[in-house]
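One structure is given here, and the rest of the page talks about it.
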Amino acid sequence: MGDIAIRALGLSKQYRIGARERRQTTLRDQLAHGAVGLFRRNGRPVAGEDTIWALKDVSFDVTRGEVVGVIGRNGAGKSTLLKILSRITRPTTGQAEIHGRVGSLLEVGTGFHPELTGRENIYLNGALLGMKKAEIGRKFDEIVAFAEVEKFIDTPVKRYSSGMYLRLAFGVAAHLEPEILIVDEVLAVGDMPFQRKCFGKMAEISTEGRTVLLVSHNLGAVGSLCARCVLLEAGQIALDADPESVMADYMARHEMALSGPPRTRVTGDPDLGAEFVLHLKKDAGEVGVSCGDPVRLEFDIEAPRPLAEVTAGIVLRNLMGEPVVGMSSRVQNMPRVSSPSRFWRVSCDMGSLPLNAGTYLAGVYVGKGDREVARFSNAILIRVVEKDVFGWGSVLPGLRSWGPIYWAPRWDIEPK
Amino acid sequence: MEAVRAPGGAVVDSAAAPVTVIRPAEGWLGVNQRELWSYRELLYFLVWRDIKVRYKQTVIGVGWAIIQPFFTMVVFTLFFGLLARVPSDGLPYPVFYYAALLPWMYFANALTNATNTVVEHRWVITKIYFPRVLLPMAAVVSGLLDLGIALTLLGGMLLFYGVAPGWPILLLPVFLLLAVATALGVGLWLSPLNALYRDVRYAVPFLVQLWMFASPVAYPSSLVPERWRGLYALNPMAGVIEGFRWTLSGRGSPDFGVMMMSAAIVLALLLGGIVYFNRVERTLADVI
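Here the protein sequences come in this chain order: A and B. Letter 190 of the first sequence, counting from 1, is numbered 190 in the numbering used here, and no numbers are missing. Each number in the numbering used here comes from the position in the second sequence (counting from 1) with 416 added on.
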C-alpha cells in the first residue's frame with residue numbers, strides 16, 4: 001500500500017447531454033420546475049434523462065515514481081479522467097485515492113492576468129497552483145531563468161510575445177514540486193525550441209522519482225517519457241501496458257477509424273455494382289491473443305445480390321501497411337458451394353500462427369469463383385501480446401525486433 | 417501507510433503523505449476548514465491582484481474611490497436634502513449622506529463583484545483546483561480598500577462640520593464586519609447561481625438599485641412608519657447603514673432591536689450561502 005500514489009476504483013463520470021442546453025435556460029424555467037431543482041444539481045445520475053458516460057468504470061493503480069502516459073482519441077475521456085484526479089470535478093460513481101501532494105497542469109498560463117507584470121503573475125499563478133509564497137520566492141530566479149524573460153520581468157504580460165508568455169507560464173508550473181504531477185497536452189503548444197525545452201523539463205521531473213500522469217497526443221513524448229501507457233477508448237481502459245504496444249494499438253485503431261466501417265465499393269463483377277457489407281460479431285473487430293495461441297476469425301458477408309462459389313481471403317498487415325501473411329481459400333482449393341445466397345458466413349481457423357507480439361490489421365477479401373468481388377481493408381484488429389514461446393524461462397526482451405514471426409526450428413549443431 | 421478517508425475529497429494528514437480521497441458528491445455541509453486554511457495565501461494573492469488590477473491604466477486611479485461617493489453625496493444633498501427637505505436627524509446633509517453612502521457603495525460593489533467572480537474565473541475553475549469559495553471572499557475583502565480611502569475624506573468632513581463621533585466610533589468595526597458578512601452572504605448565493613443562470617448578472621444591478629431604496633441611504637430610518645419597522649428590519653443593510661451613521665457621527669439613537677435582527681439575518685444568509693455554495697461547487701466545473 002505504501003508505494004501507491006494514485007488508486008482509481010471504478011471511476012465513472014456521467015454528463016447530461018442536455019446540460020449545455022439546460023444551463024442556457026432561464027431561471028424562470030427552472031423556477032417553474034420547482035425551487036428544488038436548484039438543489040438537485042449534485043451530479044448524481046438521474047434516470048430518464050439523456051446522458052453519456054464520459055468515463056466508465058475506470059480502475060488502475062499508479063505506483064510512486066511511475067510515469068504513466070494516457071492516450072486516446074478526442075472524447076475518449078482523457079481530460080475527464082485528469083479533471084477528476086486533479087479534483088476539478090467529481091466522479092459520478094467510484095472513487096480515487098491520491099497519496100501525496102498533487103500539482104495539476106491542465107493548461108499553461110491559466111490564471112495569468114494580462115495587466116500584471118511577469119513578476120506579479122509568477123506569484124499569482126504559483127499561488128493558484130498551490131505553492132506557498134515562500135516557495136515561489138525561493139524558485140523565483142530559477143523560473144525567470146527558465147522562461148528567459150529577465151529583461152521583461154517588470155513588464156505587464158499583455159506586452160509579452162506569445163512565446164515569452166508560454167515560457168513563463170510553463171516555467172511556473174514546471175517548478176511546482178508536487179509528489180504527483182498531472183499534465184495535459186502541455187507539450188502541444190509553442191514552437192519547436194519551446195517544446196524541446198518543456199520536454200527536457202518533463203524528462204528531468206520524471207527522473208526525479210516523482211509520479212507523473214501525462215496526457216498527450218504527442219506519441220513520441222509519451223513513448224520516451226513513460227514506462228507505462230494507458231489507452232482510453234469510449235471512456236474505458238482499452239489497454240494498459242508498455243508504451244510500445246499501446247501506441248501500436250492506438251495507431252491500428254486510428255487506421256481502422258480512417259478506413260471507416262467495413263464496407264466496400266471495390267468490385268470486379270459488373271453485375272454486382274452495389275456495396276458489400278462485412279458483419280463482425282460483437283467485439284470481433286478486435287482480437288487479442290498471446291503469441292502461439294490459436295487464432296480464429298469469423299465474420300458474415302452480406303452481398304448486394306445472391307452469389308455462388310464464394311471464396312475468401314485474409315491478409316494480415318503490420319502497422320506500416322506491409323503484408324505479413326496472406327491466406328486464401330481459393331488457392332487452397334477449398335470446396336465451393338454452388339447454391340447462390342446473399343449471406344455467407346466465413347470462419348477461418350488459423351491455428352497457432354507464429355506471429356510475434358505486435359498489432360496487426362486483417363484485411364478481408366471476398367471472391368466469386370476466381371474473381372475478387374469485394375475487399376475490406378483494416379477490418380479486424382489483431383493484438384498479439386508477448387509470451388515465452390520458446391520455453392526460455394521468460395519473455396525474451398526485444399523479441400519483436402526479430403521480425404513479425406517467431407519460429408522454433410529444429411537445430412542440429414555438432415562438431416564436424 | 418494507512419489511507420485516511422475523509423468525506424468528499426478532503427485532504428487528511430496521515431503518517432507520511434496527505435491522502436486525498438475523491439468521491440462523488442455527498443453530504444450537505446462538507447466545508448473543509450483545514451484545506452481552506454492551507455489556501456489562505458491564495459486569498460491574499462487574489463485580493464492583492466484585485467487591488468493591483470482595479471485602477472490599472474486609469475488616469476485618476478485610486479481617486480475613483482473618493483470621487484464616486486463624493487459626487488453621489490453632492491447630488492443627494494442637493495435633491496433629497498435641499499430640495500426635498502428629507503429629515504437628517506439633525507446632521508448636516510453632506511455628513512448624513514456620505515456616512516451612509518460609504519457602507520452602501522462598498523456593499524453594492526462587493527456584491528456585484530462577488531456575484532460575477534465565479535463566472536469571470538470560469539477558465540481557471542475548469543483547469544485548476546482550489547477552494548472556489550475564495551473567489552467571492554476575495555471580491556468582498558478587496559472592496560474594503562476603497563472604503564478605507566473614502567473614509568479619510570469623511571474624517572475631513574467631520575472636522576469641517578464640527579461633528580464629533582465620540583465613543584460609538586469604537587463600534588464601527590462591528591458594523592463594517594456586518595456589511596462584509598452581508599455582501600459575502602448574498603454573494604455566496606448569487607455567484608454560483610450566476611454560473612448556472614446568467615440571468616443573475618442582469619438582475620443584480622437592478623436588485624442593488626431597489627435595495628438602496630429599501631435601505632436608509634437617502635432618508636433616515638426614522639422616516640419609516642412604526643408599524644413597518646419590523647418588516648424594514650428584515651433588510652440587514654438597514655441596520656448596517658444606521659450603524660455607520662451612528663458610529664461615525666455620534667448622533668441619533670440606533671434601534672438595537674433592528675441591529676440584532678440584522679445580525680441574525682446576516683448569520684442565516686451566510687450559513688445558508690456556505691451550504692449552498694459548497695453544494696453547487698462540486699459540479700461547478702461541469703456546468704459553468
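Glycine included, each C-beta is placed from N, C-alpha and C at the ideal position.
| said: Rounded to whole angstroms, what is the Cα-Cα separation between B:Leu612 and B:Leu527? | reply: 17 Å
| Supposed close pair A:Ser104, A:Ile182 - CB separation, criterion 8 Å | 4 Å
| query | Mind checking whether A:His175 and A:Ile143 have CB atoms under 7 Å apart? | reply | yes
| Could you give the distance in angstroms between the alpha-carbon of B:Gly673 and the alpha-carbon of A:Glu115? | 47 Å
| query | Under the three-state reduction of DSSP, which class applies to A:Gln236: helix, strand or coil? | reply | strand
| message | To the nearest angstrom, how far is the alpha carbon of B:Pro670 from that of B:Leu517? | response | 18 Å
| field | Pairwise C-alpha distance: B:Leu575 and B:Val710 | value | Residue 710 of chain B falls outside the range modelled here, since chain B spans only 417 to 704, and no answer is possible.
| task | Could you say which of A:Ala134, A:Val62, A:Ser352 and A:Tyr123 lies nearest to A:Asp240 if we only look at CA atoms? | result | A:Val62
| task | Give, in chain order, every residue of the region 511 to 533 of chain B whose Cβ lies closer than 8 Å to some Cβ of chain A. | result | none
| message | Short of 6 Å in beta carbon distance, which residues of its chain neighbour A:Phe146, apart from the five on each side in sequence? Order them along the chain. | response | Gly171
| request: Leaving out five residues on either side along the sequence, give the residues of the same chain with a beta carbon under 6 Å from the beta carbon of A:Met164. | output: Val149
| Of all the CB atoms in chain E, is at least one closer than 7 Å to the CB of A:Lys133? | Chain labels in this structure do not include chain E; the protein chains are A and B.
| Which partner residues does A:Tyr365 have in the DSSP bridge list? | A:Gly313 and A:Arg375
| field | Within 8 Å of chain B by C-beta, residues of the region 85 to 106 of chain A in sequence order | value | Leu85, Ser86, Arg87, Ile88, Thr89, Arg90, Pro91, Thr92, Thr93, Gly94, Gln95, Ala96, Glu97, Ile98, His99, Gly100, Arg101, Val102, Ser104 and Leu106
| query | Does the beta-carbon of A:Gly403 have 16 or more other beta-carbons within 10 angstroms, so that it is buried, or is it exposed? | reply | exposed
| message | Tell me which residues of the region 345 to 370 of chain A have at least one Cβ-Cβ distance to chain B shorter than 9 Å, keeping chain order. | response | none
| query | Between A:Leu361 and A:Val384, which are expected to be in contact by the criterion C-beta below 8 Å, what is the C-beta distance as a whole number of angstroms? | reply | Rounded, the Cβ-Cβ distance is 12 Å, inconsistent with contact.
| Can you tell me the Cα-Cα spacing of A:Leu396 and A:Ser224, whole angstroms? | 21 Å
| message | Below 8 Å on C-beta distance, what does A:Tyr15 contact in chain B? | response | Asp702
| When you compare only the Cα positions, how much space is there between A:Arg228 and A:Ala203? | 14 Å
| query | Is the CB-CB distance between B:Ala595 and B:Pro519 below 7 Å? | reply | yes
| field | Contacts around B:Ala580, its chain only, beta-carbon distance under 7 Å, and the 5 residues preceding and following it disregarded | value | Gly666
| query | Can you list, in chain order, the stretches of the alpha helix (DSSP H) that have 4 or more residues and sit fully within the region 54 to 92 of chain A? | reply | 78 to 85
| Roughly how many whole angstroms lie between the Cα atoms of B:Met553 and A:Gly94? | 32 Å
| request: Please name the residue, chosen from A:Gly118, A:His217, A:Lys158 and A:Gly109, that lies closest to A:Leu166 on a Cα-to-Cα basis. | output: A:Gly109
| Contact with chain A by B:Thr436, beta-carbon distance below 7 Å | yes
| query | Just the Cα atoms here: how many angstroms apart are A:Arg371 and A:Arg16? | reply | 51 Å
| request: Take the Cβ of B:Asp702 as the centre, count every other Cβ of all protein chains shown within 10 Å, and call the residue buried at 16 or more, exposed below. | output: buried
| In this structure, what does DSSP give as the bridge partners for A:Lys13? | A:Leu55
| query | Quick one, which of A:Met251, A:Val212 and A:Pro91 has its alpha-carbon nearest A:Val67's? | reply | A:Val212
| said: On the DSSP letters alone, give me the boundaries of the alpha helix (DSSP H) that B:Thr699 sits inside. | reply: Phe672 to Val703
| said: I believe B:Glu697 touches B:Pro608 by the beta-carbon criterion, under 8 Å. Please report the beta-carbon distance rounded to the nearest angstrom. | reply: 7 Å
| request: Compare the C-beta of A:Leu124 with all C-beta atoms of chain B and state if any pair is closer than 7 Å. | output: yes
| field | Through-space distance from B:Ile681 to B:Gly689, alpha-carbon basis | value | 12 Å
| field | Straight-line Cα distance separating A:Pro304 from A:Leu38 | value | At A:Leu38 the pLDDT is 44, less than 50, meaning the model places this residue with poor confidence; the figure from the coordinates comes in the next sentence. Distance between the alpha carbons of A:Leu38 and A:Pro304: 55 Å.
| Cβ-Cβ distance between A:Leu232 and A:Gly77 below 7 Å | yes
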